[in-house]
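For the working numbering, add 216 to where a residue sits in the sequence shown, where the first one is 1. Glycine included, C-beta positions come from ideal geometry on N, C-alpha and C. Take a look at the structure set out below.
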Amino acid sequence: VLESMKMEIEVRAPVAARVHEVHCAPGKMVQAGQALVTLVPLDAETPRLEAVS
Numbered sequence: 217v218l219e220s221m222k223m224e225i226e227v228r229a230p231v232a233a234r235v236h237e238v239h240c241a242p243g244k245m246v247q248a249g250q251a252l253v254t255l256v257p258l259d260a261e262t263p264r265l266e267a268v269s
């Protein structure tokens, strides 16, 4: 969820993924089109392996 001018905006990934890197900081302004995070798609084995660990 992103917050902009007291409004919350839900952002969804197009695929199941894990956040690999965050490119912004809370409270900082960002430009239109700027990448906020880098996502790494999960493969079929990853969720099961993570649930075990």
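Straight-line gap, residue i to residue j (C-alpha atoms, nearest Å)
| i | j | result |
| --- | --- | --- |
| V256 | S220 | 26 angstroms |
| G243 | L252 | 13 angstroms |
| A248 | E237 | 19 angstroms |
| A290 | K222 | Residue 290 lies beyond the range of the chain shown here (217 to 269); nothing can be said about it. |
Chain-order list of residues whose beta-carbon lies under 7 angstroms from that of residue i (same chain, five-residue window excluded)
| i | result |
| --- | --- |
| A229 | L255 |
| M245 | none |
8 angstroms Cβ cutoff, residue i in contact with chain B
| i | result |
| --- | --- |
| M223 | Any reference to chain B falls outside this structure, which holds one protein chain only. |
Contacting residues, own chain, Cβ-Cβ under 8 angstroms from residue i (five flanking each side not counted)
| i | result |
| --- | --- |
| H239 | Q250, A251, L252, V253, T254 |
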